[in-house]
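Undergrad: Residue numbers (my numbering): 40 to 259.
1. Hey, is the segment 163–175 in contact with the segment 203–211, meaning 3+ C-beta pairs nearer than 8 Å?
2. Could you tell me the distance, in whole angstroms, from the CA atom of residue 112 to the CA atom of residue 249?
3. Drop a sphere of 10 angstroms on the beta-carbon of residue 156, count the other beta-carbons inside from all chains shown, and report buried for 16 or more, exposed for fewer.
4. Count the other CB atoms, across all protein chains shown, that sit within 10 Å of the CB of residue 199; report buried if there are 16 or more and exposed otherwise.
5. Can we say the segment 139–148 touches the segment 182–196, given the rule of at least three CB pairs closer than 8 Å?
6. Would you kindly report the start and end of the unbroken alpha helix (DSSP H) that includes residue 102?
7. What is the rounded straight-line gap between the Cα of residue 91 and the Cα of residue 180?
8. Could you give the C-beta distance for residue 152 and residue 175, rounded to a whole number, given that I count them as a contact under 8 Å?
9. Can you tell which of 241, 242, 259, 223 has the C-alpha that lies nearest to the C-alpha of residue 252?
10. Cβ atoms of residue 190 and residue 160: under 8 Å apart, would you say?
11. Which two residues bound the contiguous alpha helix (DSSP H) that contains residue 208?
12. Express the C-alpha separation of residue 226 and residue 182 in angstroms, rounding to a whole number.
13. Does DSSP put residue 122 in a helix, a strand or coil?
14. In whole angstroms, give me the CA-to-CA distance for residue 108 and residue 196.
What follows is the structure in structure tokens.
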């Protein structure tokens, strides 16, 4: 457990070892606390208000033992689901200058950045979104790079620049490997936009989508 100052108490049977915040670089519990798992269940059940309250409370309890970024991200995700997008951005902004010493937090931090960019695009805050996407695009993770291309395509669609958007989606569709998580959506967007532009090449991308991802949600 940890207190408000980040001091940690480690309990082993009858003994308790106390460690000052100044004496460790970072700490992480071996497994996700049951309370956070329970909050995730509420989120999955679409009980967003209840889950949000839990994440806010659990952030205080577990911020110094590996779950601060996760709780911030999931609290913001609840706010977004509840239609409180500005509040979600305000919560995510607390991560703008976050220094991640624990590499196991990076997936949570990237998920938070993806949510931040998505909300910014929804709110037409394109310049701010592009700054976030620039960071994601520089990642060595190809899923994040593909997300960045797709999100840039989303911006161009909202700006009415469909032809330019197609080029961004094509980057994800053609450059990255089949296992890339963002590629199915990219193929779907290319096919959709080309069809809207009366470009017969749309069928080629639709066929690739069907062949490579026969169970994709984008075929439904």
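Just so it is clear, CB atoms sit at the ideal spot from N, CA and C, and this is done for glycine as well.
TA: To lay it out plainly:
1. no
2. 33 Å
3. buried
4. Counting C-beta atoms within 10 angstroms of its own C-beta, residue 199 has fewer than 16 neighbours from the protein chains shown and is therefore classed as exposed.
5. As far as the Cβ criterion goes, the segment 139–148 does not touch the segment 182–196, which means the pair count is below three.
6. Careful: residue 102 lies outside any alpha helix (DSSP H) and carries neither H nor E.
7. Rounded to the nearest angstrom, the two C-alpha atoms are 29 Å apart.
8. Yes, residue 152 and residue 175 are in contact; Cβ-Cβ is about 6 Å, under 8 Å.
9. Cα-wise, what sits closest to residue 252 is 223.
10. yes
11. 201–214
12. As the crow flies, the alpha-carbon of residue 182 is around 14 Å from that of residue 226.
13. coil
14. 31 Å
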